[in-house]
Each structure stands twice: as C-alpha cells, then as structure tokens.
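There are 2 protein chains.
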Amino acid sequence: MTKEINIGMLGFGTVGSGVATMIRENEQQLSQKLGAKVKIKKIAVRDLDKHRAADLNGSILTTDINEVLEDATIDVIVEVMGGIEGAHEAIEQALQSKKAVVTANKDLMALHGHKLLKLAGDNATDLYYEASVAGGIPIIRTLEDGLASDRISTIMGIVNGTTNYILTKMKEENWSYDEALKKAQELGFAESDPTSDVEGLDAARKMAILATLAFSMEVFLDDVEVRGMTSITTEDIELAEQFGYHVKMLGYAERDEDGVEVGVEPVFLKSSHPMASVRNEYNAVYVYGDAVGETMFYGPGAGSMPTATSVVSDVIAACRNLLLGVAGSRNIDYVNERKLKSQDQQKAQFFHRLLVKDEVGVFSELTSIYGRYGASLGSIIQRPGEKAGEAEVILITHPVSRKNHNGIIDELNQSSFVQKIISQYRVEGGEPR
Amino acid sequence: MTKEINIGMLGFGTVGSGVATMIRENEQQLSQKLGAKVKIKKIAVRDLDKHRAADLNGSILTTDINEVLEDATIDVIVEVMGGIEGAHEAIEQALQSKKAVVTANKDLMALHGHKLLKLAGDNATDLYYEASVAGGIPIIRTLEDGLASDRISTIMGIVNGTTNYILTKMKEENWSYDEALKKAQELGFAESDPTSDVEGLDAARKMAILATLAFSMEVFLDDVEVRGMTSITTEDIELAEQFGYHVKMLGYAERDEDGVEVGVEPVFLKSSHPMASVRNEYNAVYVYGDAVGETMFYGPGAGSMPTATSVVSDVIAACRNLLLGVAGSRNIDYVNERKLKSQDQQKAQFFHRLLVKDEVGVFSELTSIYGRYGASLGSIIQRPGEKAGEAEVILITHPVSRKNHNGIIDELNQSSFVQKIISQYRVEGGEPR
C-alpha cells in the first residue's frame with residue numbers, strides 16, 4: 002500500500018476547510034476503501050495570514066494558484082474558491098493537464114458545464130460536480146451509477162431551498178409572499194437580490210444538469226421553460242389545498258417517444274405525491290425509472306457541511322477511477338439524440354381561476370372555448386365573486402397540449418365575459434405514465 | 002483492457018434472469034466503468050429443461066451447484082436461489098474460497114448476516130447484500146459510503162411494504178385491519194401467513210442490519226424491541242390525525258451518549274415528518290447525520306426488477322473492489338463498542354387513550370399517576386364515553402423513560418377508576434435532538 006494520491010485545493014473557506022478536516026480525520030478509512038493514501042498536498046488561498054492558526058497537517062499553503070495547478074505530482078484538484086472567471090480558467094487548466102477536478106460551483110457548472118465535461122472527456126480525465134446540484138443529496142452519483150437499461154421517463158426536482166421555504170411558510174403560516182421572502186432573507190436562505198431563486202433560474206440550471214444525465218442527452222439552460230413564482234398568492238395556495246394539491250416551485254423533466262420537455266414553474270402538485278411533503282428549505286429529487294419505479298431522494302440543498310460531504314464523496318470517486326485506470330470513462334457520449342417536444346407534443350393538465358361576468362349563458366360559452374381546443378374538464382366550480390355581477394370560475398382540465406392551452410388562454414383574454422384570468426398553474430402528480 | 006471478471010450465478014428465476022439481462026445489455030457500459038469485461042460464466046439451476054429457450058449469451062447452465070462454486074476462474078458469486086439452508090452453505094463455501102458474494106436473500110442475512118460478514122472479512126473478500134433491505138433503495142451503499150466523521154444519530158425505516166400498505170388503506174379508505182390485510186394478500190403483497198410482516202419481525206431484521214451499519218456497532222435481531230400492529234383500529238388512526246399524526250409501522254434506531262435503542266412498533270408519527278407521507282407498499286429510510294442533517298431515501302421495497310437492479314449495482318461494486326485489490330476492506334471492525342440503552346435511558350413521548358369512570362376527582366387522580374413518574378403532559382382531552390358514567394381520556398406525554406412509562410401503565414391497569422387502556426403508542430417525529 003505505497004500508492005499515494007495527491008490533492009490540490011483551490012480555496013480554503015468554510016467548505017474547503019470542512020473538506021480538509023474530513024479527509025484528514027478519515028485517513029485510515031480512505032486508505033482501506035481505495036488501497037492508496039490520500040493526501041492534501043497544496044492549498045491555494047487569497048490571504049496567508051488568515052490561515053496561520055489552521056491545522057494544515059503538512060499541506061502547503063500558497064497564494065499562487067499556479068503553484069497548485071502546475072504541480073505535476075497533484076492528481077486531483079478540488080475547486081471550492083467560488084466565482085466564475087477565475088474558477089473557470091483554473092478548471093480548464095487542470096483538465097488540460099489531465100488532472101481530475103471536483104467542483105462545488107453550481108453557477109460555473111450551469112454556465113460552462115457541458116463544455117467542461119467535454120474537455121474532461123477529451124483529456125481522458127474526470128470532472129465531478131455532485132455538490133453543485135442539491136448539496137446534501139447524492140443524486141448525480143445515483144443517476145450516473147444507474148444502468149442505461151433502466152430508462153428514466155420522469156424527473157421532478159424541488160431543487161431551490163429558498164422558494165420551497167417561501168411556499169411552505171405561505172401555506173403553513175399564512176404569510177404573504179413578501180413576508181416569507183423577507184424572513185428567508187433574514188435567515189440567510191435568500192440573497193438580497195432574490196431574482197435568480199424566485200424567477201426559477203437557479204432551479205432551471207439544476208434541471209438542465211439533471212435532465213442531461215437522466216436522459217443521456219444534451220439539455221441546455223435555454224431548453225428549460227421557466228416561470229417565476231412572484232405572483233403566487235395565499236388564496237391560490239388555499240384553493241390548491243381544497244382541490245387536493247400543494248403549490249410547489251417544481252422542476253420537471255419528462256421523456257416519451259416524442260422527445261423531452263423540461264420546465265420550472267409553480268405547479269399544483271397532488272398532495273399524495275411524495276414530493277408534496279417536502280417542506281421548508283429542503284430539497285428533493287424524484288426519479289421514475291422503468292425498472293425500479295418511483296424513487297425519491299430528500300435532503301438539505303445547501304449548507305457548508307452537506308456540501309463538504311458531497312465534495313469528499315466526489316474526491317473518493319475521482320481517486321477510485323484514477324486507481325482503476327478508467328478516468329474519463331464516465332464522460333461517455335450522449336446515448337440519445339437531442340429531441341425536444343414541440344408545444345403540440347407537450348401535454349399537461351392545467352388549473353385556471355377566472356373572474357367572469359355573472360350572466361346567463363356565460364358558463365356554457367366558457368366551456369365551449371375549452372371544448373374547441375379539445376380540453377375536457379376534470380372539475381369545474383363556480384362561486385360568487387367579490388362584487389355583485391361577478392363570478393369566479395375555478396377549473397382543472399384533463400391533459401391538453403401546451404399549444405392548445407395557449408389558444409385557450411388567448412381566447413379567454415379576448416372574450417367579452419372573462420374579466421380576468423386570476424391565476425393559472427400546471428398540474429402535476431397523477432400516476433406516472 | 003484484457004482483464005475479465007467471471008460471475009457465477011446460483012438461481013435463474015425472475016430476479017436471476019433480470020440480473021443476467023441487465024449485465025448483458027450493459028456490457029459496454031460496464032467495461033467503461035470498470036476497465037474490465039464482466040461475464041456470466043456459469044449458472045446453477047434446478048431444472049435444465051425450464052431454461053432451454055433462455056438467451057444465455059454463452060453462459061453454461063448446470064444443475065450441479067458445485068460446478069459453479071468450485072470453478073477457480075469464477076470471481077463473484079450471485080446468490081438468487083432463495084431459501085436458507087442451501088443458500089447458507091453455498092455462500093459459506095464461496096467466501097471460504099475467497100470469492101466475492103452478492104446476495105438478495107433477506108431471511109438468510111437476518112439469520113446469519115453477522116457471521117457471514119465476519120467470514121468474508123476473515124477471507125479478505127466481500128459480501129454484498131443491498132437487495133436484502135428495501136430492494137429498490139440504495140441505502141446500504143449510502144451508509145457504507147458515508148464517512149465515519151458524519152456521526153449518525155437517528156435512523157427511521159418504513160421497511161415493510163405490507164404493513165405500510167395496510168395502514169395507508171385503513172387511513173385513506175377507512176378499511177378495517179382485516180379488510181386491508183385481505184386486499185394485500187389478494188394483491189400478493191402479504192403472504193398467506195402474514196405473521197412475519199404484521200408482528201414486525203421482517204422490519205426488525207432490516208432495522209438490525211441498518212443499525213449495525215449506521216452506528217458501526219453489532220446490533221442483533223434480539224436487541225430490537227418489537228410490537229406488532231394487529232390491534233390498530235381505524236379509530237386510533239382518526240384520533241392520530243386529529244392530533245397531527247400518522248400511524249406508521251416504524252423502525253427506529255437512535256443513539257446518544259448513553260447508547261443505542263432499536264425498535265419496531267406502530268407509532269404516532271408527526272404528519273409534517275417526511276416519513277409520514279410514505280404511502281402504500283413503498284419503503285423509505287430516514288437518516289439524521291450530524292454533518293449532513295436530514296436525508297431520506299424513498300422507493301419500492303420489493304419487486305423483481307428493483308431487486309435485480311440492486312444486485313447488479315452490488316456486482317459492479319464487488320468487481321471494482323477486486324480490481325482495486327481492496328476486496329474485504331469494507332468489512333472493517335465495528336468502530337463502536339456495543340452499548341444498548343437500559344429502560345431507564347430509553348426516552349420517548351407516548352400517546353394514551355383510556356376509558357375511565359366519569360366521576361368527580363378522576364381527572365386529578367389520573368394526572369397524579371403521571372406526575373409521580375415524572376411524566377408531564379403535552380395535551381390531554383376528555384370526552385364522553387359510549388356508555389353513561391364512562392369517559393375517554395386521550396393524552397400525549399412529554400418525553401419519559403421506558404421504565405417510568407411501564408410504571409405508569411402498571412398503575413393504570415391496577416387503578417380502580419381506569420376501566421381499560423384502549424390503546425397506547427410511542428410518539429415520534431419531533432425535531433431531531
């Protein structure tokens with residue numbers, strides 16, 4: 002047992018020092034698992050003085066990132082410095098020198114993931130990024146370890162803790178959207194500019210990564226249909242409950258013969274669906290595979306300890322591949338041809354809440370609009386509006402194509418008796434097809 | 002890439018042929034992952050004629066199990082023949098000849114698991130058994146891959162599909178226990194003799210395996226406190242709901258400074274707990290680790306395809322260890338000394354439903370019994386009994402030791418004003434300690 006694998010770290014903040022501590026404390030266990038010794042050789046930091054007190058266990062600190070990247074004895078680079086530009090260049094350089102790379106950088110992976118993974122493959126080395134999607138949930142590994150023979154037809158993700166926290170508090174505490182957002186900011190879940198969370202961009206990045214892996218097909222950020230959650234009201238949430246649904250900011254990726262559809266939007270999710278019970282800042286990923294059936298993985302989406310734990314698992318996997326001599330083999334070509342569904346092929350159920358004139362004949366005119374677009378209705382109720390002469394119509398359609406749904410919305414908007422589309426949601430969580 | 006790993010299979014039923022098909026269909030993917038070719042060399046079956054039509058892809062069928070076990074070129078034995086005696090002997094023989102073994106045999110692992118794992122360690126080889134606990138959930142791998150530094154303090158398991166199906170139907174369809182059991186038998190979830198499921202023995206076996214791994218400490222079947230679920234009524238389930246709980250047949254394993262407590266029994270589980278939403282025949286395992294926090298893994302507990310998928314994952318892991326030259330290294334010694342909690346150290350909340358005489362002073366006499374044993378009450382309500390002169394008292398205690406709880410139950414049984422303890426349940430799902 003004389004083999005030794007040298008690690009170089011870029012960054013030594015909370016996650017980085019967590020990683021270093023875990024590797025040191027589990028030295029013996031790691032040797033037993035791998036049949037080789039794992040050693041952190043060099044750590045690039047911004048400020049040497051800051052780390053004088055740290056227990057480095059023989060690792061060399063340097064402010065020169067190249068001293069780590071150009072060290073030929075270093076086999077694996079752990080990037081936990083954050084940011085885009087600098088990290089991007091460093092990872093490119095590392096992969097080009099055929100070092101394996103482990104990163105926790107979700108923004109970087111979302112922007113440059115496909116290219117970096119290709120670069121890793123071209124250089125017969127590995128790029129691991131478990132911590133960049135749902136930090137505490139081993140979902141990338143689960144999808145990679147799964148066999149191609151278990152065809153995955155559906156992935157759903159609650160992959161943004163901030164929005165799930167907001168929706169949980171709106172439902173359980175009856176807080177308004179603004180109150181819940183403010184609390185999330187106070188607790189440090191939400192950034193002072195929450196756009197990327199509440200508009201669904203952060204979740205969309207993660208869904209693109211998950212869909213790529215699950216379907217073995219290139220899926221880009223631009224392929225993800227995104228709708229934000231800023232217009233959700235507590236009234237919608239209460240209505241959802243009456244109909245047997247939870248409102249969730251849900252990522253979904255679905256595949257059938259026609260192709261793939263990926264989106265992130267607030268949906269009405271059946272209360273009996275396992276994802277409906279994911280509360281507060283927790284994340285979960287639901288996978289439906291033809292052989293295994295329904296599985297779900299639940300855990301913290303962020304946090305320095307869960308992230309460090311994921312990084313260490315990735316380091317172990319990278320070391321294992323180096324020792325087996327199969328580094329780069331997991332970057333197999335996409336098995337499936339890129340094929341996205343047209344709006345005509347995208348089918349879903351929808352929930353509509355409409356404010357209409359309370360006049361004779363309105364109800365039948367309304368239903369005839371849906372009928373013209375082939376949308377039969379699952380449930381429909383009418384109730385008095387707030388003002389006299391107004392009524393609210395609340396309905397859920399059977400599955401209808403996105404194209405026809407757009408047609409319905411256009412007609413409703415043009416109709417003389419519909420005063421307002423108060424809200425509309427995609428409906429999810431029926432039996433998997 | 003000339004290395005080749007030979008597999009020998011014992012049994013070729015639904016699971017076995019599923020395993021063979023998966024390995025064949027993913028030949029290329031397996032080589033890429035492992036840097037070696039995986040080949041099923043021999044398959045022992047009971048009846049050759051039965052398999053004349055099967056696509057064997059070059060594997061040799063034999064009715065002589067020794068032809069597989071004694072083949073020196075076979076590196077990994079997959080035991081999917083089932084049964085106890087024969088499988089036990091075969092696995093012992095395989096491990097003694099230093100072959101790695103993958104088994105899906107939960108009864109065997111429950112009875113002889115500790116000894117077989119020790120035998121594997123003594124022979125510097127591996128015994129994998131993922132499919133024997135919650136077939137479609139990769140929980141053994143997750144616990145083994147986790148680092149010792151993430152101290153696990155709680156495991157909860159819904160690890161028996163039959164009992165969870167029965168409880169779901171009792172709650173959602175208002176079926177009686179007998180009706181639900183009958184339906185489960187018709188659907189093939191429950192055996193004609195359901196004792197092992199409904200008395201909690203099957204779940205107890207799995208909890209002993211999970212606790213051993215999670216706490217790195219020998220936990221035996223006899224260490225698990227077991228209580229069956231045959232006396233649960235729909236009334237209890239409704240009451241639970243009113244108090245914000247689901248009744249679940251729950252395995253729990255908890256550890257603190259005092260030691261370990263493992264049990265399986267019907268509990269009142271907080272409705273907001275992620276495990277409360279696990280419905281029908283599904284299984285789930287919840288893990289609380291100090292670093293990662295709450296995680297939960299959800300999926301099918303049985304079924305031939307999920308089981309075959311788990312077996313193939315184990316085969317990959319076994320091959321990897323052989324190639325890395327670290328076979329046997331995962332059978333590390335138990336890190337922690339065996340230390341079970343005494344009844345004085347076991348603390349939990351309890352739900353009681355009592356039928357009492359409706360007389361002046363009864364309420365205060367009753368609460369004084371709880372007070373004498375240091376059990377303060379979280380909620381208590383009284384309502385009229387079915388007959389005049391009777392009342393029902395329903396209460397939930399704050400945490401109290403098992404020993405004191407037994408004292409309370411004894412006093413209640415002896416008391417002149419308590420006519421009957423209608424039901425009692427352990428309460429779970431508060432914030433993790």
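Quick note, the sequences are listed as chains A and B, same order.
When you read off a place in the first sequence, starting at 1, and then add 1, the result is the number in my numbering.
When you read off a place in the second sequence, starting at 1, and then add 1, the result is the number in my numbering.
Just so you know, even glycine gets a beta-carbon here, dropped at the ideal spot from N, CA and C.
Notebook entry, point to check: What residue from B:GLN420, B:GLU86, B:ARG373 and B:ALA21 has the CA that sits closest to B:ILE8's CA?
Noted result: Along the second sequence, one-based indexing puts residue 8 of chain B at 7. If we check each option's Cα against that of B:ILE8, B:ALA21 comes out closest.
Keeping to the same chain, check which residues put their C-beta closer than 7 Å to that of B:GLU219; ignore five residues upstream and five downstream. Counting from 1 along the second sequence, the entry for residue 219 of chain B is found at position 218. Closer than 7 Å at the Cβ level, and outside the excluded window around B:GLU219, lie HIS115, THR213, TYR335 and ARG339.
The alpha helix (DSSP H) spanning A:LEU240 covers which residue range?
-> Position 239 of the first sequence, counted from the start, is the residue given in the question as residue 240 of chain A. It spans 235 to 243 - the alpha helix (DSSP H) in which A:LEU240 sits, taken as one unbroken run.
Q: Would you mind giving the Cβ-Cβ distance between A:LEU355 and A:ILE422, rounded to the nearest angstrom? I have them listed as a contact below 8 Å.
A: Mapped onto the first sequence, residue 355 of chain A falls at position 354. Mapped onto the first sequence, residue 422 of chain A falls at position 421. Going by Cβ atoms, the distance from A:LEU355 to A:ILE422 rounds to 6 Å, so yes, they are a contact pair.
- Sorted by chain position, which residues of the same chain lie with C-beta nearer than 6 Å to B:GLY252's C-beta, five sequence neighbours on each side aside? The residue given as residue 252 of chain B occupies position 251 in the second sequence. GLY158, VAL160, ALA204, MET208 and VAL265.
Could you check how far apart the C-beta atoms of B:ILE44 and B:PHE13 are, in whole angstroms? I think they sit under 8 Å.
Sequence index remark: in the second sequence, residue 44 of chain B carries index 43 (1-based). Sequence index remark: in the second sequence, residue 13 of chain B carries index 12 (1-based). With a Cβ gap of about 5 Å, B:ILE44 and B:PHE13 count as contacting.
| query | Whole beta strand (DSSP E) runs in the region 122 to 166 of chain A with 3 or more residues, listed along the chain? | reply | 153 to 159
Is the closest heavy atom of the ligand SAH to the C-beta of A:MET10 under 8 Å?
-> You won't find the ligand SAH in this model; it holds no ligand whatsoever.
Per-residue burial, A:THR126 [other beta carbons within 10 Å of its own, 16 or more giving buried]
Residue mapping note: residue 126 of chain A aligns to position 125 of the first sequence, counting from 1. By the neighbour-count rule (16 or more Cβ atoms within 10 Å), A:THR126 is buried.
Of the residues A:MET23, A:LYS4, A:LYS51 and A:GLY59, which one's Cα is nearest the Cα of A:GLY36?
Position 35 of the first sequence, counted from the first residue, corresponds to residue 36 of chain A. Selected option, being the one with the closest Cα: A:LYS4.
Minimum Cβ-Cβ distance from B:LEU57 to chain A less than 9 Å = To locate residue 57 of chain B, count along the second sequence from 1; it is residue 56. No, B:LEU57 lies away from the interface with chain A (no Cβ there is under 9 Å from its Cβ).
Q.
Along the region 381 to 395 of chain B, where does the CB come closer than 8 Å to a CB of chain A? Name the residues.
A. none
TODO: Just grab the DSSP bridge partners of A:PRO301 for me.
DONE: Counting from one through the first sequence, the residue named residue 301 of chain A turns up at place 300. DSSP lists A:TYR283 as partners of A:PRO301.
request  = Just the C-alpha distance for B:HIS406 and B:VAL312, rounded to the nearest angstrom, thanks.
outcome  = Translated into the one-based positions of the second sequence, residue 406 of chain B becomes position 405. Translated into the one-based positions of the second sequence, residue 312 of chain B becomes position 311. Taking the straight line joining both Cα atoms gives about 43 Å.
Requested in this report: Report the rounded CA-to-CA distance for A:PRO433 versus B:THR398, giving the unit in angstroms.
Outcome: As a working mapping, residue 433 of chain A is identified with position 432 in the first sequence. As a working mapping, residue 398 of chain B is identified with position 397 in the second sequence. No answer about A:PRO433 holds up, because its pLDDT of 35 lies below 50 and its placement is not dependable.
Q) Helix, strand or coil: which one does DSSP assign to A:ASP257? A) Residue mapping note: residue 257 of chain A aligns to position 256 of the first sequence, counting from 1. Here A:ASP257 sits in strand by DSSP.
For A:ILE138, would you say it is in contact with chain B, using Cβ-to-Cβ distances shorter than 9 Å as the test? Taking the first residue of the first sequence as 1, we reach residue 138 of chain A at position 137. So yes, A:ILE138 belongs to the interface.
Host beta strand (DSSP E) of B:GLN383 (start-end): Within the second sequence, the letter at position 382 stands for residue 383 of chain B. That run of the beta strand (DSSP E) goes 378 to 385.
Check your understanding: With which residues is A:GLU68 paired in a DSSP beta bridge?
Key -> Stepping through the first sequence from its first residue, residue 68 of chain A is reached at position 67. Answer by DSSP bridge pairing: none, since A:GLU68 is not bridged.
Inset, instruction - Whole angstroms is fine: what's the gap from B:LYS34's alpha carbon to B:LEU144's? - result: Taking the first residue of the second sequence as position 1, residue 34 of chain B is located at position 33. Taking the first residue of the second sequence as position 1, residue 144 of chain B is located at position 143. Rounded to the nearest angstrom, the two C-alpha atoms are 22 Å apart.
*asked:* Within 9 Å of any Cβ in chain A, is that where the Cβ of B:PRO307 sits?
replied: To locate residue 307 of chain B, count along the second sequence from 1; it is residue 306. Closer than 9 Å: yes.
**OP:** Determine the DSSP secondary structure at A:HIS406, reduced to helix, strand or coil.
**Re:** Locating residue 406 of chain A in the first sequence gives position 405, counting from the first residue. Of the three classes helix, strand and coil, the one that applies to A:HIS406 here is helix, per DSSP.
Exercise for the section: Could you name the residues of the region 8 to 41 of chain B whose beta carbon sits closer than 7 Å to any beta carbon of chain A, in the order they occur along the chain? Expected result: MET23, GLU26, ASN27, GLN30, GLN33, LYS34, LEU35 and GLY36
* To do: For A:VAL361, count neighbouring Cβ atoms within 10 angstroms of its own Cβ and tell me buried if that reaches 16, exposed if not.
  => In the first sequence, the residue the question calls residue 361 of chain A occupies position 360. Its Cβ having fewer than 16 others within 10 Å, A:VAL361 is exposed.
Q) Run through DSSP, which three-state label would B:GLU200 get? A) Here residue 200 of chain B corresponds to residue number 199 of the second sequence, with the count starting at 1. Three-state DSSP puts B:GLU200 in coil, outside helix and strand.
(message) A:LYS404 and A:GLN350 - do their beta-carbons sit closer together than 9 Å?
(response) Start at 1 with the first residue of the first sequence, and residue 350 of chain A comes out as number 349. Start at 1 with the first residue of the first sequence, and residue 404 of chain A comes out as number 403. Cβ distance not < 9 Å, so A:GLN350 and A:LYS404 don't count as in contact.
Test: B:LEU325 CB closer than 9 Å to a CB of chain A
Here residue 325 of chain B is taken as the residue at index 324 of the second sequence, counted from 1. Yes, B:LEU325 lies at the interface with chain A (some Cβ there is under 9 Å from its Cβ).
To the nearest angstrom, report how far apart B:VAL327 and A:LEU168 are at their CA atoms. Reading the second sequence from its first residue, position 326 is the one you call residue 327 of chain B. Reading the first sequence from its first residue, position 167 is the one you call residue 168 of chain A. Going from the Cα of B:VAL327 to the Cα of A:LEU168 covers about 48 Å.
### Message
Can you pull the chain B neighbours of A:SER217, defined as C-beta to C-beta under 9 Å?
### Response
For the purposes of this step, residue 217 of chain A is identified with residue 216 of the first sequence, where counting begins at 1. Going along chain B, no residue has its Cβ under 9 Å from A:SER217, so there is no contact; the nearest lies around 10 Å.
Under 8 Å between beta-carbons, which chain A residues line up against B:VAL286? List them in chain order, please. Against the second sequence, residue 286 of chain B aligns to sequence position 285. None at all; the shortest Cβ gap to chain A is about 11 Å.
Problem - Inter-residue CB distance, B:LEU11 and B:VAL69 (contact presumed, cutoff 8 Å) - result: Here the question's residue 11 of chain B lines up with position 10 in the second sequence. Here the question's residue 69 of chain B lines up with position 68 in the second sequence. With a Cβ gap of about 6 Å, B:LEU11 and B:VAL69 count as contacting.
query: Comparing the C-beta of B:VAL293 with each C-beta of chain A, is any distance below 9 Å?
result: One-based indexing of the second sequence puts residue 293 of chain B at position 292. Yes, its Cβ sits closer than 9 Å to a Cβ of chain A.
Local Cβ density within 10 Å of B:GLU387, reported as buried at 16 or more and exposed below that: Translated into the one-based positions of the second sequence, residue 387 of chain B becomes position 386. The residue is exposed, with fewer than 16 neighbouring Cβ atoms inside 10 Å.
Spatial distance of A:ARG427 from A:PHE418 (CA atoms) | One-based indexing of the first sequence puts residue 427 of chain A at position 426. One-based indexing of the first sequence puts residue 418 of chain A at position 417. Rounded to the nearest angstrom, the two C-alpha atoms are 24 Å apart.
Secondary structure at B:VAL316, three-state DSSP: helix, strand or coil? Stepping through the second sequence from its first residue, residue 316 of chain B is reached at position 315. Note: B:VAL316 maps to helix in three-state DSSP.
**Study point:** Secondary structure of B:GLN346, DSSP reduced to three states
**Key:** Within the second sequence, numbered from 1, the residue matching residue 346 of chain B stands at position 345. Three-state DSSP puts B:GLN346 in coil, outside helix and strand.
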